[in-house]
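A.B. asks: I have a structure I would like to understand better, so I am pasting it below and will then ask my questions one at a time.
In mature numbering (1 follows the signal peptide of the UniProt record, and there is no 0), the protein residues as written are -18 to -1, 1 to 398.
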């Protein structure tokens, strides 16, 4: 039977408590003291003593994984999919391993955006100094000069970065479903310029500097003997505290601090910044947005802050399971009316793709993405989104009303 190290450490305390409880009043005081000691022990932290080192490879090859010709992540020796529970009963260690692999996946997708999709990596803020924190976006060569069409892609919240819809899909299913690459390649083939936003890259992390506090006794008028005694007590206290911290958390990660990126400290700020410095400056007559989950909320906030500019430049917006809320975000009547005419939200639903789905909010039409899995909504609605954009572009050119799904929804809404 497996007994963890933490159990062996606590066992003598439990035995002592059982023996003490049989004694008199003095023994009860000891029991109280032991209970206090137990309450100070963080069992979750203590369990870390049983973990292997949090030292993981920094390449896919180091993890012994690679993407096959179908874009699926497979073990290079066994051909098996990724295994999360690599070590039994070590959930935290397995999670850290998964996160380490995820960081490698992010860099891998960045490489694909540049090499396979021929996008350029553009640093922001555009006027950043050498020393300040920076982020970046990706753009096609013609993103700002294409006179006809520009597609803008915004992912959701969380660990995903530019070029991704869902890390889970990339690792457990394939690159097509989990990344924006199919959207980018088809957009380029159909003559769009492309801009890929990076709304979760809001800060950089640096190690927190250690603050050395000088003892106040150094500058006092206390006798030398008294200062020495105080310094000795202080050193002993620090020695005990360091020993306890090492015992409590032997794998304590470095203390980090966050340095936020100027004008890009949140997804909403980032969307507005990229609009002002890139999208609004582009030559495209028709701008199209694809925004997933929190990306939809970021777009609505952009609309609120730049309403006139967005209305004059954006032709259509495809949302996928967007979490925006026109009431909470205080979107005005004119914005809600524009969204009813020019937006469509493909939501998670068990209904067939493009089936109308009722909404409690008076904003854009909602249709089924053909899946009840949130993270899959962008990939499953992929063909419908491009059809939607084509119809919206043709409708604008010929001054006709947009797609049938939106027109029928509007008529139904007016009847209600």
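All C-beta atoms in this analysis are idealised placements derived from N, C-alpha and C, irrespective of residue type, glycine included.
Out of 358, 191, 119, 75, point me to the one whose CA is closest to residue 253's CA.
C.D. replies: As a first step, residue 253 is located in the chain shown; it is residue number 271 there, counting from the start. Cα-wise, what sits closest to residue 253 is 119.
A.B. asks: Suppose you measure from the CA of residue 340 to the CA of residue 373; what does that come to, to the nearest Å?
C.D. replies: Here residue 340 refers to the residue found at position 358 of the chain shown. Here residue 373 refers to the residue found at position 391 of the chain shown. Spanning the two alpha carbons is a distance of roughly 22 Å.
A.B. asks: Which of the three DSSP states is assigned to residue 120 in this structure?
C.D. replies: In the chain shown, counting from the first residue as 1, residue 120 sits at position 138. Strand at residue 120.
A.B. asks: Please report the straight-line C-alpha distance between residue 322 and residue 262, rounded to a whole angstrom.
C.D. replies: Within the chain shown, numbered from 1, the residue matching residue 322 stands at position 340. Within the chain shown, numbered from 1, the residue matching residue 262 stands at position 280. Counting only the Cα atoms, residue 262 lies some 22 Å from residue 322.
A.B. asks: Please state whether DSSP places residue 151 in a helix, a strand or coil.
C.D. replies: Residue numbering aside, residue 151 sits at position 169 when the chain shown is read from its first letter. Correct three-state label for residue 151: helix.
A.B. asks: Would you decide whether residue 55 is buried or exposed? Buried here means 16 or more other CB atoms lie within 10 Å of its CB.
C.D. replies: Counting from 1 along the chain shown, the entry for residue 55 is found at position 73. Residue 55 is buried by the Cβ-count criterion.
A.B. asks: Buried or exposed: residue 197, going by 16 or more other Cβ atoms within 10 Å of its Cβ?
C.D. replies: The residue you call residue 197 lines up with position 215 of the chain shown. Bear in mind that a pLDDT of 49 at residue 197, under 50, signals an unreliable position, so the number given afterwards is only what the model happens to contain. Residue 197 comes out exposed.
A.B. asks: Quick one: what does DSSP say residue 160 is sitting in, helix, strand or coil?
C.D. replies: Here residue 160 refers to the residue found at position 178 when the chain shown is read from its first residue. Helix, per DSSP.
A.B. asks: Less than 8 Å between the C-beta atoms of residue 164 and residue 156, yes or no?
C.D. replies: On the chain shown, position 182 is the one that residue 164 refers to. On the chain shown, position 174 is the one that residue 156 refers to. Their beta carbons are not under 8 Å apart, which means residue 164 does not touch residue 156 by this criterion.
A.B. asks: Would a C-beta distance cut-off of 8 Å place residue 289 and residue 243 closer than the cut-off?
C.D. replies: Working through the chain shown from its first residue, we reach residue 289 at position 307. Working through the chain shown from its first residue, we reach residue 243 at position 261. No, they are not a contact pair.
A.B. asks: Using the three-state DSSP reduction, which class does residue 328 fall into: helix, strand or coil?
C.D. replies: For this step, residue 328 is matched to residue 346 along the chain shown. Here residue 328 sits in strand by DSSP.
A.B. asks: Tell me the DSSP bridge mates of residue 273?
C.D. replies: Mapped onto the chain shown, residue 273 falls at position 291. Looking at the DSSP assignment, residue 273 forms a beta bridge with 136, 301.
A.B. asks: If we count the other Cβ atoms within 10 Å of its Cβ and call it buried at 16 or more, is residue 201 buried or exposed?
C.D. replies: As a position in the chain shown, residue 201 is number 219, starting the count at 1. Confidence at residue 201 is low in this model, with a pLDDT of 49, below 50, so its placement is unreliable and the value that follows should be read with caution. Only exposed fits residue 201, as fewer than 16 other CB atoms lie within 10 angstroms of its CB.
A.B. asks: Under DSSP, the beta strand (DSSP E) around residue 240 begins and ends at which residues?
C.D. replies: The count along the chain shown starts at 1 and reaches residue 240 at position 258. Counting along the chain, the beta strand (DSSP E) containing residue 240 begins and ends at 238 to 242.
A.B. asks: Quick one: grab the DSSP three-state call for residue 146.
C.D. replies: Numbered from its first residue, the chain shown carries residue 146 at position 164. Three-state DSSP puts residue 146 in a strand.
A.B. asks: If we count the other Cβ atoms within 10 Å of its Cβ and call it buried at 16 or more, is residue 149 buried or exposed?
C.D. replies: For the purposes of this step, residue 149 is identified with residue 167 of the chain shown, where counting begins at 1. So residue 149 ends up on the buried side.
A.B. asks: Quick one: Cα of residue 299 to Cα of residue 375, how far?
C.D. replies: Residue 299 sits at position 317 when you count from the first residue of the chain shown. Residue 375 sits at position 393 when you count from the first residue of the chain shown. One C-alpha to the other measures close to 11 Å.
A.B. asks: Roughly how many angstroms lie between the CA atoms of residue 80 and residue 94, to the nearest whole one?
C.D. replies: Position 98 of the chain shown, counting from 1, holds the residue named residue 80. Position 112 of the chain shown, counting from 1, holds the residue named residue 94. Spanning the two alpha carbons is a distance of roughly 21 Å.
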